[in-house]
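First to last, the protein sequences are chains U and L.
Sequential numbering from 10 applies to the first sequence in the working numbering.
Sequential numbering from 10 applies to the second sequence in the working numbering.
In this text, a Cβ means the ideal position worked out from N, Cα and C, and glycines have one as well.
None of these values were measured; they are calculated from a predicted model.
2 protein chains.
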Amino acid sequence: EEILGDNRELADGLRKRLKGSGVFMMNLMSSPGSGKTSLVLRTIRALKNELKIGVIEGDIDSVVDAETVAKEGVPAVQLRTGGFCHLDATMIGKALDAMDLAALDFIIIENVGNLVCPAEFDTGAHLNAMILSVPEGDDKPLKYPLMFSLCNVLLINKIDYLKYASDFNTDLVKERVRALNPGITIIEVSCKTGEGIDRWADWLKNRIREGR
Amino acid sequence: EEILGDNRELADGLRKRLKGSGVFMMNLMSSPGSGKTSLVLRTIRALKNELKIGVIEGDIDSVVDAETVAKEGVPAVQLRTGGFCHLDATMIGKALDAMDLAALDFIIIENVGNLVCPAEFDTGAHLNAMILSVPEGDDKPLKYPLMFSLCNVLLINKIDYLKYASDFNTDLVKERVRALNPGITIIEVSCKTGEGIDRWADWLKNRIREGR
Ligand SMILES: Nc1nc2c(ncn2[C@@H]2O[C@H](COP(=O)(O)OP(=O)(O)OP(=O)(O)O)[C@@H](O)[C@H]2O)c(=O)[nH]1
Ligand SMILES: Nc1nc2c(ncn2[C@@H]2O[C@H](COP(=O)(O)OP(=O)(O)OP(=O)(O)O)[C@@H](O)[C@H]2O)c(=O)[nH]1
Ligand SMILES: [Mg+2]
Ligand SMILES: [Mg+2]
Ligand SMILES: [Zn+2]
Ligand SMILES: [Zn+2]
């Protein structure tokens, strides 16, 4: 499909440009309210002493997430799509033009809250990450297979809810996800309690070091 | 935008056709895992003795939800979009062709789990309903305003989590939603405990009676 082909070309260009500037970029996706912003905050706090981090916030409307992230003292660019259901390489390119790449090591894109379309549009990132949160239910890999199959890492968030959500079978989720994507890394976390965040931060640091 | 215009025309046609057959149709939307299928089950159990109900299930992939609903003994048609992020009037028209409208009073469409695009595509329904669940957070009306502004009714689901999710401010959600859509009806429910379901069923019964 021609539009996707052009997007892929642009995205490849962004990937090269970032690598040339020594910047590693991660695209973070999930449903609305699964904990993307909370994970961005936890990640910044865990890594800011070792890496210079910038954030690209994508939303249909509102500047809430960019403002929240900016309070951590990192540069944050807010993209407002005005209704468009995903970010693409063109929009990310514009956001990058507004950032000082020479002064950054790591950029996090918080994509629009949507388990469908963002997976189809390459953002130029070096790493595709997604979140599934416990309250959403353990059958999401069956119903939204594309995103689970093309991410490099899945974080199962809100594990502090497990004592309440007895119908969420973590082993079954992992089985379903690995059937779609055998190579994926799966990390269980709670952005609320901090559980699993160290493991996430260590894994991410290694990926960034290898990737740059 | 021409595509939306054609869709609106088709949708108006479906609405008339359904009214002519004495069928009332509701389009139910929300993020993935907010409780659409759970609400469909609760609604069927509350109303099946008074209304003949049919369900149209929309998903990217999988027949899980249609199978779950069919266990209640109601006719259920599963639409699989294969990646398309919303249902539209063309798809709903095909589903209706597969149903015996003369034998039905009320059809529920469970739309694709997505807080963005489904709001833009008229399905031919007489009522647009949406769910926001407590774990998703109370800022969703700010970030996904279109869906909140064009629904007739909002159900706040998973209220059984309120004792645990202390950062969810129900009054603030209502304030934000009414700022976008003063006329909207807001009903708090738990599909898990059954709280609020009677109130929802009564309100819905009245809407169906008025609408047909
Ligand atoms: N209990 C619990 N709540 C969490 C956790 N992580 C995030 N939350 C809550 O979940 C809600 C949504 O979190 P966000 O970080 O805003 O989620 P998001 O994916 O960025 O949401 P959008 O950008 O609106 O799509 C907030 O009320 C958070 O406090 C967690 O690990 N446990
Ligand atoms: N605690 C609690 N859990 C609920 C409630 N309603 C639904 N759930 C759970 O939330 C998860 C998702 O529910 P579903 O009804 O499948 O949600 P859905 O919106 O149909 O999901 P998709 O069709 O996949 O987008 C399941 O594990 C349900 O048991 C509720 O009121 N309280
Ligand atoms: Mg966010
Ligand atoms: Mg469902
Ligand atoms: Zn889309
Ligand atoms: Zn869409």
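Per DSSP, the continuous alpha helix (DSSP H) segment holding F157(U) begins and ends at 154–159. In the DSSP assignment, G63(U) falls within the unbroken beta strand (DSSP E) covering 62–68. Counting other Cβ atoms within 10 Å of its Cβ, A112(L) stays below 16 and is therefore classed as exposed.
In the three-state scheme derived from DSSP, where H, G and I count as helix and E and B as strand, T132(L) is classed as coil.
Just so you know, the alpha carbons of L105(L) and G14(L) end up roughly 21 Å apart. Under DSSP, V162(L) shares a beta bridge with A138(L), T194(L).
Placement of the Cβ of K45(L) at a distance of less than 7 Å from at least one heavy atom of ligand 4 is found. Look at which beta carbons fall closer than 7 Å to any heavy atom of ligand 6; those residues are C94(U), V125(U), C126(U), C94(L), H95(L), N123(L), V125(L), C126(L). The Cβ-Cβ distance between L163(L) and V186(L) falls below 8 Å.
Here G192(L) is exposed: its Cβ has fewer than 16 other Cβ atoms, across all protein chains shown, within 10 Å.
With its beta carbon at least 8 Å from every one in chain L, G67(U) lies outside the interface. According to the DSSP secondary-structure assignment, N36(L) is paired through a beta bridge with I118(L), N137(L).
Distances taken from the Cβ of C200(L) to the heavy atoms of ligand 2 include one shorter than 7 Å. In this structure V125(L) is in contact with C94(U), their Cβ atoms being roughly 4 Å apart against a cut-off of 8 Å. Within chain U, the residues placing a beta-carbon under 8 Å from that of G92(L) are V125, E129, L155, ordered along the chain. Closer than 8 Å to the CB of V73(U) there is at least one CB belonging to chain L. Judged by DSSP secondary structure, A188(U) falls within the alpha helix (DSSP H) whose first and last residues are 179–189. DSSP places V143(U) in no alpha helix (DSSP H); its state is neither H nor E. Contact between L96(L) and G67(L) is confirmed by a C-beta separation of about 4 Å, below the 8 Å threshold. Chain L places a beta carbon closer than 8 Å to that of V121(U), counting this residue as a contact. A buried status is given to T52(L), since no fewer than 16 other beta-carbon atoms sit within 10 Å of its beta-carbon.
Interface annotation, G42(U): in contact with chain L, CB-CB separation under 8 Å. L159(L) and I168(U) have their C-alpha atoms spaced approximately 34 Å apart.
Pairing V32(U) with D114(U) gives a Cβ-Cβ distance under 8 Å. Cβ-Cβ separation between K45(U) and G42(L): approximately 15 Å, too far for a contact (criterion under 8 Å).
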